[in-house]
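Scroll down for the structure; my scribbles are underneath it.
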Amino acid sequence: MVRRQFEESSGRSKRRKINDESYRPDNGHHHQQHHQQHQQQSITITSHRQLRDLLYPQQGAQEVKQGVRAFKDFLTSINDTRDENAAQRTNGLKILKSYCDSQFSKPAEEHEPAVCFADIIQTWSYGESTNDDSLMSLIPSILASFLKTISSLLEFKEFGLALCKHLLQKDQLRLINRAFQSPKAKDHLISPCIRLLTEVVSFDGGVNAKLVFARRDITLKRLVTFLITGKNAAILANGTDKKKPTLRRIAQRYVLAHLKFQNSQMKEEFLTQGKIMRSFLEEIRRDSRDMVIEIIHTLDKNVVSDSTLSRNAKSRFMNRWNLERLVTLYGYEKDSEEPLTEGESSVLDEIHKFLVSLFTNSDKGVLLSETGWYPTGSTPDILPPNDKESISLGLNSPMYIDKYRDAVPVRNGNLSALIQVLRPESDTLQMELLLKIFRAAPELVYDYFSKRTMFTSDPKPTPAWLGESTFLFSTIQLPALKDCGWKDSAQRPVVIPPPAFVVIESIIPRPLTQKILTRCLNQNTDVVTIFAVRIITLALKKMQAVLRIFNQKRDFADTELWEQASNQLLDLFTQRCPSLKDIIALFRNTPRSNLPQQNAVLELISVYHEVLPTLALEEKFDVTLTLVSVLEELNKSDLDEDDKEMLFSELENLLSIAQQATTLRWWQKPGSLEYSAFTSILKVLLEAKNDSQTPVDELKALVQNVLLSHSVLADSKAFDALLKSIDVDDAEKLGTQLSFLDNCITRLAKKPVLYLDMTTSLKKGGDEDNKQELSLLISTVIEQWPFVVKAGDSDKEIIIASWIARFLAALYVSGEYHGGLESARDAVQQATSNKQAQSVLKKAFKHLDKSTVDDDGDIEMTAADSSVTDKPAPAQPQLTLSVAEAELTNMFGSLPGEPTSHSALTKWDRCDVETALEQGYISSLILCLCSAHSEIRLQATAALQRFMHKLLESAHPDKSAVYIVLGEVLETAKAVENDDALPYIGGELGVALLNIVLNPLHKLYAKANKFLNKGPRWEAAKIPSYFVDKILLNESEYDDGWADEVAWLLAFFVTGLRNSRDLDIYRRANVFERMLSLYNSPSLTNALKKEILRLLFRAMQVEGGATTLVTRAGVVSWIAAQISAGDPNKDILRRLAIVLEGRSDKEWVKKWSGGHVSKVVADIVG
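Start counting the sequence shown at 2; every next residue gets the next number (our numbering).
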């Protein structure tokens, strides 16, 4: 009928005149030309009647389309109007409101829906009946645009709601259904209908959203199909703008609208549409950045953080599949070609925040409450029944052994599967996420390591190994669980310990086996060794914390079970921890100059003694010599603050070991020291008292413990009195006091019983019932004082007498037995004839009472204490050539020469292929080709050829690549003219390429292979230019690889420069000019800048290098420019300028520059 009405009225519509002159027939043109003219003209709508006439259905199809397009342009003009055209916008809205009123027919009955836009809906029906795709696309598009336009206008609210309900009636849903049944290729019919439903759902805050979902047989029909792009579409999308309104993108916004505006009941039911939700997230990694971020925000705000949704609904939506799709977004930014604009959030940051919140908050539907180290289903608050007729086996009974033999159940099954997908070794954010999951659900630590195989590669500082080691270290850093993770400890305290094999995974995870850790300790790489030392120390400290939890007192608990669990835990730990013998061997093999490693190993030994004392005492470790060495270092006056603090830390660890070990001879006086070991330590403590940067608290506690444990002093107050009594301001006085004190303490430690009797006799002289303490050291002082008097040195006698007086006074104030102290004073005073000494001793107790103790309990010794005078700072040495060269050599190293011994020529043949490569014997053979001695070169050539034959017969995985490197090195060496030595840059390149091909994860692996494929031999003169071009002028294959490649290049240039022959190659390749230019790169770190300065200094060390830098590279002017620009390395640059001038050919440089260079250097040095 609708079609017949259109056909009958087509003649009349052509004769109808329209007020806006948009229709003007031209008798001289065809109908098609007339239609094109209509399309090109812009219709300005001035009244609602004109709009009604344009959209009147009883006219020609072309006129209707033109009217619909005019209405669409009219809505667009209203949306695009800015504040400066507010009057135009107001007028347009008035026209639109009038038109809506004319198209609004209220129903006669309340239960019947109103009729809205009857003309437009009739036109839509006509398009459907005539299969007019254009009309079927235009009408829903304009209705969606209309709803979007009026969504924020209150006066249109009633009409908008009525229109939404009208669109959800059977006849209109039939039109939408017709579009949804179209082939997916006709997305121009599908997309407008989805947009229209999206606007209906979101209109007025989702008032009609429930009605849309109620008709889901049509409104959600084929939505799964629309959300799936398909392989071909996905491939095409990779090369196009991802923000283009594709069918999937439009369907995603429709799903988001449901999630945002449905009420809780409908939203829960919508979330149960599993296929829709799965297809919604399945290809999320290929979506545009703005869409992905909007999805994340919507899921966070409207799903997992929606308190009105049940936990069950959240959990069903956040199933394992959907969670894995979200986790894949960690690689979004790496794969995306879409640029990240300034101020725009990255997907990586947003998904990380979302997942951390999701996995660590039990209210968001994923994390379930668990029981820590206790497996799910266990009852640690209930003791097993005690059968008096049977023998209790404790934790060895089948009840405990067999229960979790196969697997340990966990509550968080989804998280258990998900964490296996994470790659913490290659992504720091994924590592952070996994650690937070471990913290929130500790039960997953055992579950993760029992299923995951890792840390199986050779202990080398590769990116993969470093990533895994960092993750394992961070896992051990997680705190020990209070009450072993049992949540209800207040109401139902635990009485049974958790399984030891579960707890041990949190202390020292399964990948850290004894074999692997021991191998790490024996590596020659400092990074690997330090890692092993630090992680064992950390594991021991955590073991100590767990043992405290196991050993704490518990009501109603079976103490034997906890003790048995502690022993089991210790057994498991010792099976994975290296033996103390290996750790001590590492300490002895560590150079004394390597203070950080030596300090770390000492700390490990100290903690080992604390946590595993039984095993530690089985190994004999005498730290006396080490202690002496540390004390000698501390006595040096030229120590910097960092080394000083490091040495004090070593001293603390040594004393901690000494307290528990039995091999330290406290009172023995080594030949290299002035005092005994103990008094030397006391001297260090006294001198460090006024140094606020030195950590002396622990050291003080240890020294006090030694004195008290050997009964030298009565209590801690006596120890404070001793420290206060010693005058530390004068070095000569300090030495005299310590010599006397050292003699007294040593004698007391050797014969304590003798001095105990003397002290007892001093106490008997007073009140017999007096229970006040009296330190044994007083008796030793009384006994040794006459020998000081007999020596006849009055100055020393006065110094010692003053110390005795202060010491006795301090003990008097601290509360020791006054009668004994006075008797001791009298005895000392009678033994001397020196009047000054007698006077000092006589006044020892004058004006002393308890008021001399301050608020903190410290003894005030105003008479003994002397103020520290400010000492003038030492004068800085004049910056001469020798001083500058020495400082730079200390910083950058000296020029290496050819070694006197070439042991690699024979050692390589005594081991297998892998060991020869790992130990560096083959690298040494390559460098032997650069030797100045032809015999060495011939032997190295023959050795390399034999190794290549041995390599081919081996099963080494990288034998082909290694063979190619060695073959090209030998061919290059043979091609050198006059059978001369291979330039060092060629030898060092061979060594570098060998290390690269053995490590496929190296950032230069691809470039190295391309270089090796260029030809069978290398031209040494072209090596620098090749790698400069490939690294500095080409992008790295890794996003973060440029800095690493530049660091490799600079290190290669430094090691490859040994003599004037190498210098000439560098000069011809303009290496120095390129490096000076690179220095000013804004992306270059200061560490890399220092490597460039190191290269300059290396060139200066080579004969003729300084002159080349001055005359060929203009380095003097470059240094002056850098200093004037405020370079942070200006001190190094000044020293380089001095060395540059001093080592260059002064006559030639003066002639070349006319004396200008000397003036510039003088200005630089200032």
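Ideal Cβ placement from N, Cα and C applies to all residues, glycine included.
All figures in this text were calculated on a predicted structure; none of them were measured in a lab.
Contact set for residue i: own chain, Cβ-Cβ below 8 angstroms, skip 5 residues either direction
i, result
"Leu1079", "Leu1033, Val1047, Leu1085 and Ile1093"
"Phe204", "Leu148, Ser152, Gly161, Leu162 and Cys165"
"Lys1151", "Val1158 and Ser1159"
CA nearest to the CA of residue i, picked from the options
i, options, result
"Glu919", "Lys107, Val998 and Cys101", "Val998"
"Ala1121", "Val1158, Glu1148 and Arg1144", "Val1158"
"Leu348", "Val293, Asp307, Thr342 and Asp301", "Residue 348 is actually Val in this sequence, not Leu. Among Val293, Asp307, Thr342 and Asp301, the Cα nearest to that of Val348 is on Val293."
"Ile1169", "Arg549, Pro512, Asn525 and Ile550", "Only positions 2 to 1167 of the chain appear in the structure, and residue 1169 is not among them; the question remains open."
"Thr299", "Glu343, Ile352 and Glu345", "Ile352"
"Trp909", "Leu926, Leu896, Ser106 and Thr901", "Leu926"
"Ala442", "Val409, Pro460, Leu368 and Thr514", "Leu368"
"Ser594", "Ser834, Val814 and Glu634", "Glu634"
"Leu939", "Glu969, Arg1144, Lys975 and Ile923", "Lys975"
"Glu688", "Ser710, Lys645 and Asn654", "Lys645"
"Asp364", "Asp307, Ser834, Phe355 and Leu749", "Asp307"
"Val256", "Ile296, Ser265 and Pro1017", "Ile296"
"Leu906", "Ser895, Ala943 and Leu434", "Ala943"
Close-in-space but distant-in-sequence residues of the same chain around residue i (CB under 6 angstroms, 5 per side omitted)
i, result
"Ala1009", "Leu994 and Ile997"
"Lys222", "Phe181"
"Ser138", "His189, Leu190 and Pro193"
"Leu967", "Leu945 and Met949"
"Leu735", "Val729"
"Lys1178", "The structure shown does not extend to residue 1178, since the chain is modelled only from 2 to 1167, so the question has no answer here."
First through last residue of the alpha helix (DSSP H) which encompasses residue i
i, result
"Phe532", "Asp527 to Asn552"
"Asp583", "Leu581 to Asn590"
"Asn415", "Gly414 to Leu419"
"His49", "His49 to Leu55"
"Cys194", "Asp188 to Ser203"
"Leu1", "Residue 1 lies beyond the range of the chain shown here (2 to 1167); nothing can be said about it."
"Asp623", "Counting along the chain, Asp623 falls outside any alpha helix (DSSP H), and DSSP gives it neither H nor E."
"Cys165", "Lys158 to Leu168"
"Leu513", "Per DSSP, Leu513 belongs to no alpha helix (DSSP H) and is neither H nor E."
"Trp1043", "Trp1043 to Thr1056"
"Leu655", "Glu642 to Gln661"
"Tyr1039", "Note, Tyr1039: premise wrong, no alpha helix (DSSP H); not H, not E."
"Leu603", "Leu596 to Val612"
Close beta carbons around residue i, own chain, < 7 angstroms, minus the five adjacent residues each side
i, result
"Asp428", "Tyr331"
"Asp770", "Since pLDDT at Asp770 reaches only 45, below the 50 mark, its modelled position is unreliable, and the value read off the structure follows with that caveat. None."
"Val704", "Ile682, Leu683 and Leu686"
"Leu714", "Leu708, Phe720, Leu723, Ser776 and Leu778"
C-beta contact flag for residue i and residue j at 9 angstroms
i, j, result
"Asn320", "Asn415", "yes"
"Pro500", "Ile477", "no"
"Leu632", "Ser580", "no"
"Ser451", "Arg412", "no"
"Gln1123", "Leu1134", "yes"
"Phe893", "Val914", "no"
"Glu444", "Gly378", "no"
"Leu1096", "Phe1073", "yes"
"Ala1070", "Ala1100", "no"
"Leu822", "Leu775", "yes"
"Ile140", "Val225", "no"
"Trp374", "Ser507", "yes"
"Gly366", "Arg312", "yes"
"Lys285", "Leu327", "Here the sequence assigns Ile to residue 285, which means Lys is not the residue at that position. Going by C-beta atoms, Ile285 is nearer than 9 angstroms to Leu327."
C-beta neighbour in chain D for residue i, strict 9 angstroms
i, result
"Asp643", "Within the model displayed, chain D is absent; a lone protein chain is all it includes."
Ignoring anything shorter than 3 residues, give me the beta strand (DSSP E) runs that lie fully in the segment 1082–1144, in order along the chain.
none
I'd like the ranges of any alpha helix (DSSP H) spanning at least 4 consecutive residues and lying wholly in the segment 428–472.
429–441 and 444–452
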